[in-house]
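According to UniProt numbering, the residues represented by the sequence shown are 1 to 296, in order. Okay, so here's the structure we're looking at.
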Amino acid sequence: MSAKIIDGKAVAKSVRDDVAAGVAALEKDHGLVPGLAVVLVGEDPASQVYVRNKGIATREAGMRSIEHKLRAETSQDEVIALVRRLNGDDEVDGILVQLPLPDHIDANAVINEIDPDKDVDGLTEVNAGRLVLGKEALVPCTPQGSILLIKTVMEDMSGANAVVLGRSILVGKPLASLLLAEHCTVTTAHSRTRGVEEVCRQADILCAAVGRPEIVKGDWIKPGAVVIDIGINRVEAPEQGPNSEAKGKTRLVGDVDFDAARAVAGAITPVPGGVGPMTIACLLKNTLTAARRRRG
Ligand code: GUN
């Protein structure tokens, strides 16, 4: 058997098209243009790329992108003062503070200053609590995108065994809550889990979010399972020979050994082109949701 490849780019495009239509309707009916403020502290190259891409996608959806780029030496108090100003700015519907923050800043302290109704990353304690309690919440983007991808191949997840590998605040924990809300039987596995291979083999839905390149092997996967690979790992491209063009180059791989897994799974997300594109799409979706709730 060869797994169906879940096309995250196509699903993300359809989410972004829906958001753009919703934004256009909000402007036509209420004269409102949603605004997303992104705060970047320092010059981390990967974060700069993420922030630039978020800005482009925001404008493409017809929303206003407000970017605040602060020096790496900016104090925690200054960042908090900016967040408070954005909380009070009526033009701003969503606030995202790009992580990681420089070491001298307590990310938790900054994130929890964000008005929960503008917290489009879903990372404040208020939104995390709402999610766990099954209340209406702004939900973290990568886990939300993962659920949308599962739904393209599994209409009803009720009663399915779902295993989440990883327990991060950004992905593993909220994803486990979302799967529970879909009535899955949820297991969270992590670095201290005993017999992790066997735990994974029970999964009808296996979500890998540990940031370890290709740690999930083909024989960890139950035949026919839906495999969602949330890892993005940059590794050395294998050398093909002394004059190989691949020498010294890198490539992106997920947490799943894709070639081995696709021979066993029923459906699988590739890396790149799977969960990755869904993160920004869901950020735009959350921004529209926040704008509608605040002003609709
Ligand atoms: N850095 C890497 N991923 C994310 C994310 O989803 N949100 C924020 N704020 N920072 C990140």
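Backbone N, C-alpha and C fix where the C-beta goes; we use that ideal spot for every residue, glycine too.
Please look up how many angstroms separate the CB atoms of residue i and residue j, rounded, as I've assumed it's under 8 Å.
i: Leu-288; j: Val-19; result: 5 Å
i: Ala-162; j: Ser-2; result: Their Cβ separation, rounded to whole angstroms, is 23 Å, which puts Ala-162 and Ser-2 out of contact at 8 Å.
i: Asp-117; j: Arg-292; result: Between Arg-292 and Asp-117 the Cβ distance is about 11 Å, and since that is not below 8 Å, they are no contact.
i: Gly-62; j: Val-23; result: 4 Å
i: Gln-98; j: Val-51; result: 6 Å
i: Asp-115; j: Ala-160; result: Their Cβ separation, rounded to whole angstroms, is 36 Å, which puts Asp-115 and Ala-160 out of contact at 8 Å.
How long is the line joining the alpha carbons of residue i and residue j, rounded to whole angstroms?
i: Ala-181; j: Val-139; result: 12 Å
i: Thr-142; j: Ile-5; result: 18 Å
i: Leu-86; j: Asn-127; result: 18 Å
i: Ala-137; j: Ala-237; result: 41 Å
i: Gly-35; j: Ala-12; result: 20 Å
i: Ile-221; j: Val-271; result: 17 Å
i: Arg-130; j: Ala-46; result: 30 Å
i: Thr-185; j: Leu-170; result: 21 Å
i: Leu-123; j: Ile-280; result: 15 Å
i: Gly-88; j: Glu-198; result: 50 Å
i: Asp-219; j: Arg-201; result: 8 Å
i: Ser-168; j: Pro-174; result: 8 Å
i: Glu-125; j: Gly-248; result: 42 Å
i: Glu-214; j: Leu-206; result: 14 Å
i: Ala-10; j: Asp-17; result: 11 Å
i: Leu-179; j: Ile-105; result: 32 Å
i: His-183; j: Ser-158; result: 5 Å
i: Cys-282; j: Asn-53; result: 14 Å
i: Asp-29; j: Ala-57; result: 23 Å
i: Ala-25; j: Ser-191; result: 47 Å
i: Ile-147; j: Gly-31; result: 32 Å
Assuming contact is defined by CB atoms lying nearer than 8 Å, are residue i and residue j in contact in what I supplied?
i: Ala-260; j: Ile-268; result: no
i: Ser-177; j: Val-120; result: no
i: Val-216; j: Val-256; result: yes
i: Val-83; j: Arg-64; result: no
i: Ile-80; j: Ala-37; result: no
Keeping to the same chain, check which residues put their C-beta closer than 7 Å to that of residue i; ignore five residues upstream and five downstream.
i: Lys-69; result: Leu-40
i: Pro-102; result: Val-41, Gly-42 and Ala-72
i: Arg-234; result: Thr-250 and Leu-252
i: Gly-172; result: Val-164, Gly-166, Thr-188 and Ala-209
Got a sec? Which residues, its chain only, sit under 8 Å from residue i by beta carbon, not counting five neighbours each side?
i: Gly-134; result: Ala-181
i: Arg-212; result: Gly-231, Asn-233 and Asp-255
i: Gly-8; result: Gly-145, Leu-149, Thr-269, Pro-270, Gly-273, Gly-274, Val-275, Gly-276, Pro-277 and Met-278
i: Pro-100; result: Asp-44, Ser-47 and Ala-107
i: Glu-27; result: Val-33 and Gly-62
i: Ile-193; result: For the sequence presented, residue 193 should be read as Thr rather than Ile. Excluding positions up to five away in sequence, the list reads Val-199.
i: Arg-59; result: Ser-65
i: Phe-258; result: Glu-214, Asp-229, Ile-268, Pro-270 and Val-271
Could you check whether the Cβ of residue i sits closer than 7 Å to any heavy atom belonging to the ligand ATP?
i: Asp-103; result: This structure lacks the ligand ATP; the ligands present are the ligand GUN.
Residues in the same chain with beta-carbon distance under 6 Å from residue i, minus the five sequence neighbours each way, listed in chain order, please.
i: Leu-165; result: Ala-189, Ala-208 and Val-210
i: Ala-265; result: Ala-3, Ile-221, Ala-225 and Val-227
Distance cutoff 8 Å, beta carbons only. Does residue i sit that close to anything in chain C?
i: Leu-175; result: No chain C is present in this structure, which holds just one protein chain.
I want to know whether the region 143-162 touches the region 220-229 - three or more CB-CB distances under 8 Å. Short answer: they touch.
Taking three-plus beta-carbon pairs below 8 Å as touching, is the region 279-293 in contact with the region 91-104? At 8 Å Cβ cutoff, the stretches touch.
Segment contact, 8 Å Cβ cut-off, at least three pairs: the region 104-115 with the region 66-83: Segments in contact, yes.
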